[in-house]
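Each remark here refers to the structure printed beneath this line.
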Ligand SMILES: Nc1ncnc2c1ncn2[C@@H]1O[C@H](COP(=O)(O)OP(=O)(O)O)[C@@H](O)[C@H]1O
Ligand SMILES: [Mg+2]
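Encoded structure:
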């Protein structure tokens, strides 16, 4: 499916701060339905912070984030339930619950948010695990899995309720290049197959070129977005030295 | 909070084509919130109509997700069991993509993955015994390690992590003082009150002071302090080291060439060895003050005569042995706390388990050590 041009997430003049410390100011952009948007930028420039604001874990200092037209920091129970069903988050190390098996991890949101009978939940869990290549691992505990498998299991849990948007914070951190490329392929497969919109924070240039439909680049000093667009175009033709340096792996200022 | 019923729900309309050919048209949103109703609709159609062939028209589906596609595949499988062919028509690109994504053989076949086999009672007994033996070995090894670290620390005091040591002196000692003082005061008060009820009958009120003083110094001060420290600090030590274990910080220490016992456990144990005796002395004093309050306010003793009687009843030997005992308690509590922490493996749950175990084992060891001490003192004195 080709990414559409209908926006699914609207970030509207968002300012984020921890106490007095403003991380970025008046950031606005959109995420389009079905695309993979990658957030770039040097360490500490606020990529994770932006992501947390996008799925409503942090409250904005000013501005707002809308997903499907719903403000993510709403207090309305119905809207929140709708939001939670529509977003999934893959945390850095998977954030699987260590005391539960993979099947229990994935079925937790299904059991909580639906009335489906157990047999059907089991089937959905099996489908999700096989989607991420972990069929047969239902009864494993997270501690019995490798890093890459944990991430994939985390992805299966994030996808339990068939969300329309998935968020990833540095999905390939701590993975070897092969495993990391495998995860990229999996993300692309799910994006193309299920039409799930994805917002990804990553540093890996290979990943960026293989998955990103579009990137936005944050900058620490200007506390704002300094570039938006197709990564290939940015690499070839950006006039901004900060952007070119990133793609050419040039340390700042050289 | 359940998923709210979506605005667009899912309709399954059913028409007979020629003979017992069934045409099912699905419209609306074929997705997780509608799954239950769609599924029961399919089931009732299958059982009522008993079709010879099913054609599914997916033209009017507005939204479909993987759970929805799963329900279609499930229908296909159920029909196939009764040898009814199923055809999909007007399949949208989205639905086609999802169908391609789902690996039918792994999702739909009935064989559930093998459960991890349960242990027989016989094996469970064996497992438990092995665990006790393992626990014992690991405690012994740790104790040896700790004693080695302690003796090395005495020879080379510069090698001790003094900053950590003072941190734990404050945490376990200074911060624990108010609760030790309060509980000891109340304990002294209660003992004085209870014993005076008996002693009054003989007009021996002044011996309340002896009872409180003797009892606090010999037994209650050290025990009460040890119990409080086990709950406050033994658990904290276990949780702290356990979390470091989970975060692979302990592994990092080992690879950098540090001895985790010396690096993590020693400052805690040394700090406990310093503060527990001091807290014990405080506990004795506040216990006696509690008794004094009852004596002065309830039984018309003067503070002077109360204290005089107290001093008369306490022997310096008792004070010293109680301090020696409290040093031993400190080593046991802090040692077992650290040892339990090092035993953590896995995740958060394991940290909780071993923190609890640190307190329980700490209390157990205190009681055992106290009994042994009482027996030894009986023969020594
Ligand atoms: N919970 C927090 N409290 C205070 N400051 C924080 C917190 N999280 C992040 N920061 C600060 O915000 C800045 C951006 O952090 P982060 O969003 O994690 O950056 P990135 O993910 O791009 O590396 C950093 O300077 C960091 O120190
Ligand atoms: Mg980050």
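Protein chains in written order, with the numbering used here: chain A, 712 to 965; chain B, 187 to 567.
Yeah, the Cβ is synthetic: ideal placement off N, Cα and C, and Gly gets one too.
| request: Measure the alpha-carbon distance for residue 408(B) versus residue 545(B) and round it to whole angstroms. | output: 17 Å
| If you measure from the CB of residue 217(B), is any heavy atom of ligand 2 nearer than 6 Å? | no
| said: Taking 8 Å as the cut-off, does the stretch 519–533 of chain B touch the stretch 410–429 of chain B (at least 3 CB pairs, one atom from each stretch)? | reply: yes
| Limits of the beta strand (DSSP E) - the one that residue 925(A) falls within | 925–930
| task | Confirm the yes/no value for this check: CB of residue 759(A), any heavy atom of ligand 2, distance under 6 Å. | result | yes
| request: Could you have a look at residue 240(B) and say whether DSSP puts it in helix, strand or coil? | output: strand
| said: Tell me the DSSP secondary structure of residue 722(A) in three-state form. | reply: strand
| Secondary structure, beta strand (DSSP E): runs of 3+ residues fully inside the stretch 380–461 of chain B | none
| query | When the Cβ atoms of the stretch 236–248 of chain B are set against those of the stretch 878–895 of chain A, are three or more pairs found closer than 8 Å? | reply | no
| query | Under the criterion of a Cβ to heavy atom distance below 6 Å, does residue 729(A) qualify as lining ligand 1? | reply | yes
| message | For residue 316(B), count the other beta carbons within 10 Å of its own beta carbon; 16 or more makes it buried, fewer makes it exposed. Which is it? | response | exposed
| message | Please tell me whether residue 747(A) has its Cβ less than 7 Å away from any Cβ of chain B. | response | no
| query | For residue 743(A), which of helix, strand or coil comes out of DSSP? | reply | strand
| field | Neighbouring residues, chain B, relative to residue 838(A) (Cβ below 7 Å) | value | 252, 256, 288 and 293
| query | On the premise that residue 922(A) lies in contact with residue 911(A), defined as a C-beta separation below 8 Å, what is that separation, rounded to the nearest angstrom? | reply | 7 Å
| Thinking just about the alpha-carbon of each residue, which of 265(B), 247(B) and 510(B) is nearest to the one in residue 220(B)? | 247(B)
| query | Roughly how many angstroms lie between the CA atoms of residue 940(A) and residue 770(A), to the nearest whole one? | reply | 27 Å
| Under the three-state DSSP convention, the category residue 871(A) falls into | coil
| said: Any beta carbon from chain B within less than 7 Å of residue 877(A)'s own beta carbon? | reply: no
| task | Would you check if the stretch 858–871 of chain A and the stretch 802–813 of chain A touch, i.e. whether three or more CB-CB distances between them fall below 8 Å? | result | yes
| field | Residues that residue 218(B) contacts on chain E, provided the C-beta gap is smaller than 7 Å | value | Although the question refers to chain E, the structure presented lacks it and instead comprises the protein chains A and B.
| task | Give the DSSP-derived three-state secondary structure of residue 811(A) in the structure shown. | result | coil
| field | Reduced DSSP secondary structure (H/G/I, E/B, other) of residue 535(B) | value | helix
| query | Residues of chain B with CB under 7 Å from residue 675(A), in chain order? | reply | Chain A is shown from 712 up to 965; residue 675(A) falls before or after that span and cannot be answered.
| Counting pairs of beta carbons, one from the stretch 448–462 of chain B and one from the stretch 550–557 of chain B, are three or more of them closer than 8 Å? | no
| query | With a CB to CB cut of under 8 Å and the five nearest residues on each side skipped, what residues in its chain are close to residue 725(A)? | reply | 735, 737, 738, 739, 761, 764, 771, 773, 774, 775 and 776
| query | So, residue 465(B) versus residue 366(B), is the Cβ gap smaller than 7 Å? | reply | yes
| query | Is there at least one Cβ from chain B nearer than 7 Å to residue 854(A)'s Cβ? | reply | yes
| said: Tell me the DSSP secondary structure of residue 150(B) in three-state form. | reply: Outside the displayed span of chain B (187 to 567) sits residue 150(B), for which this structure offers no information.
| Option nearest residue 562(B) by Cα separation, candidates 242(B), 539(B) and 511(B) | 511(B)
| Looking only at C-alpha atoms, which of 206(B), 273(B) and 227(B) sits nearest to residue 197(B)? | 227(B)
| Under 6 Å from any heavy atom of ligand 1, does the C-beta of residue 755(A) make it? | yes
| request: List the residues of chain A that residue 426(B) touches, going by C-beta distances under 9 Å, in chain order. | output: The contacting residues do not exist; residue 426(B) stays about 18 Å from chain A at best.
| task | Anything in chain B within Cβ reach of residue 689(A), meaning under 7 Å, just list it in chain order. | result | It is not possible to answer for residue 689(A), since the shown part of chain A is limited to 712 through 965.
| query | Do we get a CB-CB distance below 7 Å when we pair residue 534(B) with the residues of chain A? | reply | yes
| Under 8 Å from the C-beta of residue 810(A): neighbouring residues of chain B | 533, 534 and 535
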